[in-house]
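Novice:
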Amino acid sequence: MAVASRRNDPLLTRHRVTAAAGGLAALALIVRVVYLQTVRAPHYVSLLEKYRTGTVFEMPIRGEILDRNRAPLARTRYIYRIELDPVRFTTLWSRLGADAEERGRERLARLLSGLLGIDRNDVLSRFHEAPGQGETKRQRIIKNEATLAEVQAIEYFLAHRPNDRDRSEPHLLDGIVVRKLSERSVTDGDVSAAILGRTVVGPMGILRGLGGIEQWADAALAGSIGWRSGSVDRSRRLNPLMPYRRASATPGMEVGLTLDAEVQRICARALDACMATHRPIGATAIVMDPHTGDILGMVSRPSVDLQSPDLGAILAKHPEYDRNRALMLYEPGSALKPITVAIALEDGELRDDESIPCSGAFTPGNRMLRCEAHKSNTPAPGTNTPEMIVAKSCNVGVARISLRLGWARLNEGLRNCGFFAQTGIQLYNDQPGYTVVRRPEDVPSRDDIARIGFGQSISISPLALTAVYGALANGGRLIQPRIISYFGAPGSPAQRRYPVHRIDRIFSKEVAEEVRGYLRAVVVRGTGRKVAEVPGYTTAGKTGTAQKVDNGAYRGHIATFVGFVPATKPRAVITVVVDEPSQNGYHGSQAAAPYWKRIAEDLMTHLHVASDMPTTTATRDEASHERR
Numbered sequence: 007m008a009v010a011s012r013r014n015d016p017l018l019t020r021h022r023v024t025a026a027a028g029g030l031a032a033l034a035l036i037v038r039v040v041y042l043q044t045v046r047a048p049h050y051v052s053l054l055e056k057y058r059t060g061t062v063f064e065m066p067i068r069g070e071i072l073d074r075n076r077a078p079l080a081r082t083r084y085i086y087r088i089e090l091d092p093v094r095f096t097t098l099w100s101r102l103g104a105d106a107e108e109r110g111r112e113r114l115a116r117l118l119s120g121l122l123g124i125d126r127n128d129v130l131s132r133f134h135e136a137p138g139q140g141e142t143k144r145q146r147i148i149k150n151e152a153t154l155a156e157v158q159a160i161e162y163f164l165a166h167r168p169n170d171r172d173r174s175e176p177h178l179l180d181g182i183v184v185r186k187l188s189e190r191s192v193t194d195g196d197v198s199a200a201i202l203g204r205t206v207v208g209p210m211g212i213l214r215g216l217g218g219i220e221q222w223a224d225a226a227l228a229g230s231i232g233w234r235s236g237s238v239d240r241s242r243r244l245n246p247l248m249p250y251r252r253a254s255a256t257p258g259m260e261v262g263l264t265l266d267a268e269v270q271r272i273c274a275r276a277l278d279a280c281m282a283t284h285r286p287i288g289a290t291a292i293v294m295d296p297h298t299g300d301i302l303g304m305v306s307r308p309s310v311d312l313q314s315p316d317l318g319a320i321l322a323k324h325p326e327y328d329r330n331r332a333l334m335l336y337e338p339g340s341a342l343k344p345i346t347v348a349i350a351l352e353d354g355e356l357r358d359d360e361s362i363p364c365s366g367a368f369t370p371g372n373r374m375l376r377c378e379a380h381k382s383n384t385p386a387p388g389t390n391t392p393e394m395i396v397a398k399s400c401n402v403g404v405a406r407i408s409l410r411l412g413w414a415r416l417n418e419g420l421r422n423c424g425f426f427a428q429t430g431i432q433l434y435n436d437q438p439g440y441t442v443v444r445r446p447e448d449v450p451s452r453d454d455i456a457r458i459g460f461g462q463s464i465s466i467s468p469l470a471l472t473a474v475y476g477a478l479a480n481g482g483r484l485i486q487p488r489i490i491s492y493f494g495a496p497g498s499p500a501q502r503r504y505p506v507h508r509i510d511r512i513f514s515k516e517v518a519e520e521v522r523g524y525l526r527a528v529v530v531r532g533t534g535r536k537v538a539e540v541p542g543y544t545t546a547g548k549t550g551t552a553q554k555v556d557n558g559a560y561r562g563h564i565a566t567f568v569g570f571v572p573a574t575k576p577r578a579v580i581t582v583v584v585d586e587p588s589q590n591g592y593h594g595s596q597a598a599a600p601y602w603k604r605i606a607e608d609l610m611t612h613l614h615v616a617s618d619m620p621t622t623t624a625t626r627d628e629a630s631h632e633r634r
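Residues 7 to 634, numbered by our numbering, are exactly what the sequence shown covers, in order.
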């Protein structure tokens with residue numbers, strides 16, 4: 007009876023249920039602990055590691071761009087900038103009250119004053135001043151170019167709390183950020199801007215090339231990212247006193263150019279004088295070694311200083327400042343005439359001793375062509391030879407030669423000269439030329455054939471024209487222009503070289519030599535007389551004056567002079583193209599040749615080229631031609 011009553015005792019039952027529930031809970035807890043300690047252990051270990059460790063990426067230093075003498079044209083340096091995040095500092099310290107926040111600021115100012123050598127009042131003022139240039143609400147610059155020792159001191163105090171005596175306070179340097187910034191600098195201001203291009207900050211802060219060499223060789227210049235992984239503090243900063251793993255960043259390769267920095271300056275000075283005198287919308291100068299295709303100089307105007315703090319705004323307003331005019335397409339005008347004559351000589355369709363009649367005007371089809379050279383002075387019978395056609399720039403003579411060749415042979419000759427393909431230079435925007443005859447099945451009119459022969463209805467780049475004149479200068483071989491000569495690791499031998507690439511022989515040595523004589527006649531007694539003569543040196547070249555096409559109509563002019571010096575043994579082909587000169591003349595002999603001469607004079611001095619025409623000989627040569 008007593009046993010039965012104990013079994014039905016509610017209190018005893020409650021104790022048993024409670025004990026059973028407690029036992030089950032303990033068992034569940036044990037199972038959970040065992041589960042977490044075994045099955046889920048790897049997950050929580052990795053989660054712990056994630057919060058206790060961090061990775062800091064190390065940006066590679068971008069490679070240098072060097073000229074042919076290894077003088078730097080563009081280089082990168084890294085600077086350290088100490089910044090204050092006033093919002094973070096105030097948020098952390100304001101929890102302790104206004105007095106504690108004020109004391110924190112004073113202590114921070116004293117610490118930074120001692121570490122960085124700056125005035126404590128300057129630090130305090132950064133909490134209240136409006137953001138300055140390059141700053142934001144949460145980014146105030148404390149020191150713009152800190153030394154490595156100063157950065158290491160900041161990192162030391164970040165790892166060792168300067169206020170250890172009171173762990174209830176935030177870290178005194180909470181809100182201080184050390185930034186490692188890359189800065190790309192160029193050494194020649196706006197001289198080589200169109201060639202070098204510029205850089206912009208890309209993903210992860212890596213500099214990326216935009217235009218010019220910077221973009222074309224971006225993969226080689228950029229290098230590869232490095233990293234450091236180790237213990238971090240609560241602000242996710244790497245603790246420099248704890249061991250860490252790392253993979254060093256690989257610096258970018260240096261890129262060696264064929265450019266000569268002094269030749270660049272020579273070209274820039276001449277073009278600046280041209281811009282001031284003739285007020286064109288633009289101009290370009292090219293200097294090329296005719297035997298290797300090396301571009302010694304390539305300058306465009308107008309331009310922009312890549313170091314300007316307002317570079318983005320300037321280019322947004324004037325995008326043409328970023329244009330490499332050496333690669334633009336234009337109608338070369340009379341500068342193409344010697345090439346048409348060379349094609350006819352090479353084809354056997356023209357003899358150097360025959361005369362082409364010109365009466366000052368000619369109608370090949372439906373439109374009359376006028377000859378400025380002979381509009382009031384018709385050449386005597388038998389005197390309008392190929393040499394005189396080139397020297398006096400006779401439109402009618404070249405038109406008749408073009409028609410004699412016919413479209414198929416003229417087109418093939420121009421194509422062999424590379425005008426309808428890219429030049430192959432290591433720059434973007436290298437464009438193939440074209441004529442009004444766009445499709446192979448199109449049949450050009452006689453008017454089109456005649457005009458193409460003397461440089462109208464055909465568009466090519468100044469660089470392509472320079473390359474073909476280089477072939478005339480070197481004996482008939484077309485050589486691919488190059489502006490990059492090698493890639494290499496910094497301070498080590500070149501790892502990749504770009505060899506001289508001789509594309510093809512487009513003219514025989516005899517034809518090239520004959521046409522060189524015609525170009526010499528241009529300077530001695532033709533359209534380039536007096537304006538393209540360089541004291542002490544023989545020169546050869548051709549003027550060109552072309553009307554610009556705008557929506558199918560001719561409007562404005564482009565002046566050209568292209569030639570080589572010395573004429574007897576050419577060291578350089580020089581091209582000057584002036585776009586829409588608006589003052590003091592627009593012809594090639596007025597707006598381009600004088601500046602070609604200025605470049606040639608300075609170039610011969612810079613390259614230490616021996617005179618090939620002593621003064622007495624020069625005077626005698628000129629006098630003999632005057633008597634003819």
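The C-beta atom is built at its ideal place from N, Cα and C for all residues, glycine as well.
In this text, all values refer to a predicted model and were calculated from it rather than measured experimentally.
Would you list the one or two residues that DSSP bridges to Gly232?
Specialist: DSSP output for Gly232 lists Glu64 as bridge partner(s).
Novice: Can we count Gln486 as close to the ligand SAM, meaning its CB is less than 7 Å from some heavy atom?
Specialist: Questions concerning the ligand SAM fall outside what the structure shown contains, since it holds no ligand whatsoever.
Novice: Within the region 377 to 407, note down every full alpha helix (DSSP H) run reaching 4 residues or more, in order along the chain.
Specialist: Taking only runs of at least 4 residues, the alpha helix (DSSP H) segments lying wholly in the region 377 to 407 are 392 to 398.
Novice: Do Ala538 and Trp602 have their C-beta atoms within less than 8 Å of each other?
Specialist: It is a contact, given that the beta carbons lie within the stated cut-off.
Novice: For Met281 and Arg307, what's the separation of their Cα atoms in angstroms?
Specialist: Distance between the alpha carbons of Met281 and Arg307 is about 8 Å.
Novice: Nearest by alpha-carbon distance to Ala635: which of Pro392, Val568, Asn590 is it?
Specialist: With the chain covering 7 to 634 only, the question about residue 635 has no answer from this structure.
Novice: Quick check on Val540: does DSSP put it in helix, strand or coil?
Specialist: Correct three-state label for Val540: strand.
Novice: If the criterion is Cβ atoms closer than 8 Å, does the pair Val183 and Glu89 meet it?
Specialist: Cβ distance < 8 Å, so Val183 and Glu89 count as in contact.
Novice: Enumerate in chain order the residues of its own chain whose CB-to-CB distance from Thr82 is below 6 Å, with the five nearest sequence positions on each side excluded.
Specialist: Hits under 6 Å: Ile67, Arg68, Ser188, Arg190.
Novice: Starting from the Cα of Ala473, find the closest Cα among Ile458, Phe368, Ile489, Pro496 and give me that residue.
Specialist: Here the closest residue by C-alpha is Ile489.
Novice: Starting from the Cα of Pro257, find the closest Cα among Ile212, Gly339, Arg508 and give me that residue.
Specialist: Comparing Cα-Cα distances from Pro257 to each of Ile212, Gly339, Arg508, the minimum goes to Ile212.
Novice: Leaving out the 5 sequence neighbours to the left and right, which residues in its chain are closer than 6 Å to Ala223 when beta-carbon positions are compared?
Specialist: Taken in chain order, the residues that qualify are Val261.
Novice: My understanding is that Val269 touches Val347, with C-beta atoms under 8 Å, so please give their C-beta distance in whole angstroms.
Specialist: Wrong, their Cβ atoms sit about 30 Å apart, outside the cutoff.
Novice: When the Cα of Met619 is compared with those of Thr566, Ala573, Ser361, Tyr327, which residue comes out closest?
Specialist: Among Thr566, Ala573, Ser361, Tyr327, the Cα nearest to that of Met619 is on Ala573.
Novice: How big is the Cα-Cα spacing for Pro468 and Asp128?
Specialist: Approximately 56 Å, taken between the alpha carbons.
Novice: When you compare the CB positions of Asp353 and Leu411, do they come within less than 8 Å of one another, or not?
Specialist: Yes, these two residues count as a Cβ contact at 8 Å.
Novice: In whole angstroms, what separates the C-alpha of Ala456 from that of Gln437?
Specialist: So the alpha carbons of these two residues sit roughly 24 Å apart.
Novice: Counting only beta-carbon atoms, is Val582 nearer than 8 Å to chain C?
Specialist: Here there is only one protein chain, and chain C is not present.
Novice: For Phe368, which beta-bridge partners are listed by DSSP?
Specialist: For Phe368, which the question treats as bridged, DSSP gives the partners Leu375.
Novice: Short check: CB of Gly439 to CB of Ile407, under 8 Å?
Specialist: No, the pair does not count as a contact, with Cβ atoms beyond the cut-off.
Novice: I need the straight-line Cα distance from Glu632 to Gly481, nearest angstrom please.
Specialist: Because the pLDDT at Glu632 is just 40, under 50, the model does not fix this residue reliably, and the value given afterwards should be weighed accordingly. Each residue's Cα considered, the two are about 29 Å apart.
Novice: Just list the residues that DSSP pairs Lys186 with in beta bridges.
Specialist: In the DSSP output, where bridge partners are listed per residue, Lys186 has Tyr86.
Novice: In terms of residues, what are the limits of the beta strand (DSSP E) holding Thr261?
Specialist: Correcting the residue identity first, residue 261 is Val in this sequence and not Thr. Start and end: 260 to 263.
Novice: Which residues does DSSP pair with Ala267 in a beta bridge?
Specialist: None; Ala267 has no bridge partner.
Novice: Applying the criterion that 16 or more other CB atoms from any shown protein chain within 10 Å of the CB defines a buried residue, is Asn401 buried or exposed?
Specialist: When all chains shown are included, Asn401 counts as buried.
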